[in-house]
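Chemist: Let me begin by handing over the structure; questions about it come next.
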Amino acid sequence: MNKTLRIGLITVIGAFMLAIMPLPDWAVEFRPDWVTLVLIYWAMAFPSRIGVSVAWFAGLLLDVSYGTLMGQHAVGLVLVIYVIHIQHQRLRVASLLQQAIVICVLIFMKQLLVLWVDGMLGRAPDIGLYFMPTITSTLFWPWTYLILRDLRRKFSVEKHYQY
């Protein structure tokens with residue numbers, strides 16, 4: 000296994016750990032969408048290696064870990080990573096603020112899709128704080144981006160892709 004796959008796998012596992020880590024009751028609604036953030040970064044950095052199939056698999060793992068309908072998060076992640084693949088060259092040169100705005104819209108779309116499926120199943124949550132992860136994910140994007148970029152550079156992962 001080369002360095003790219005190892006670093007990517009470790010960070011995705013770390014994102015899953017952050018996604019299922021127990022939090023106090025007041026903080027559960029504020030948890031950022033860590034898996035989506037990490038997959039967005041790697042899809043922007045290595046679009047040829049992180050694609051919709053990886054997003055589908057990660058989404059299925061999220062569905063299993065959250066106990067939701069199989070494919071619910073998977074379809075949302077596939078949609079997000081597909082848009083990232085289409086726009087990855089533009090996003091690479093955008094500022095962190097511009098990237099955060101795009102990511103805010105993408106995570107909002109993903110959460111709207113998950114909410115729609117939950118509503119169709121008759122288990123729609125309280126809408127009051129439902130979209131809070133969109134805001135917290137947007138706020139955490141610059142730090143996620145900088146940490147993952149520094150990890151990638153520290154371990155010299157594919158120098159020809161650095162930006």
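Just so it is clear: in the sequence shown, position 42 is 41 by numbering that gives the first Met the number 0, and no numbers are missing. By construction, the Cβ of each residue, glycine as well, lies at the ideal position given by its N, Cα and C atoms. In this text, all values refer to a predicted model and were calculated from it rather than measured experimentally.
(1) If I'm right that M108 touches L78 with Cβ under 8 Å, what's the distance once you round it to whole angstroms?
(2) Taking its Cβ as the centre, do 16 or more other Cβ atoms sit within 10 Å of W115, making it buried, or is it exposed?
(3) Compare the C-alpha of F130 against each of I106, Y65, R5, D149 and name the closest.
(4) From what residue to what residue does the alpha helix (DSSP H) around L147 run?
(5) Go to V82, then tell me how far its alpha helix (DSSP H) extends in each direction, as first and last residue.
(6) Leaving aside the five residues before and after A18 along the sequence, list all residues of the same chain whose C-beta is less than 6 Å from its C-beta, in chain order.
(7) Going by beta-carbon coordinates alone, are T87 and M43 separated by less than 7 Å?
(8) Under 8 Å by Cβ, that's how I've got F139 and I6 pegged, so tell me the actual separation to the nearest angstrom.
(9) Where does G13 fall in DSSP's three states?
(10) So, at 6 Å on beta carbons, what are the nonlocal neighbours of V11 in its own chain, with the 5 sequence-adjacent residues on each side left out?
(11) Check whether the Cβ atoms of P31 and T133 lie closer than 7 Å to each other.
(12) Can you list, in chain order, the residues of its chain whose CB lies under 7 Å from that of Y81, leaving out five sequence neighbours each side?
(13) For S64, which option in T137, F15, L95 has the closest C-alpha, if you only look at C-alpha atoms?
(14) What residue range does the alpha helix (DSSP H) around M108 cover?
(15) Tell me the rounded alpha-carbon separation between A93 and A99.
Modeler: Here's the rundown:
(1) 7 Å
(2) exposed
(3) I106
(4) 131-153
(5) 71-92
(6) W33, V34
(7) The sequence shown places His at residue 87, not Thr. Contact: yes.
(8) Rounded, the Cβ-Cβ distance is 19 Å, inconsistent with contact.
(9) helix
(10) V37
(11) no
(12) V51
(13) F15
(14) 95-119
(15) 10 Å
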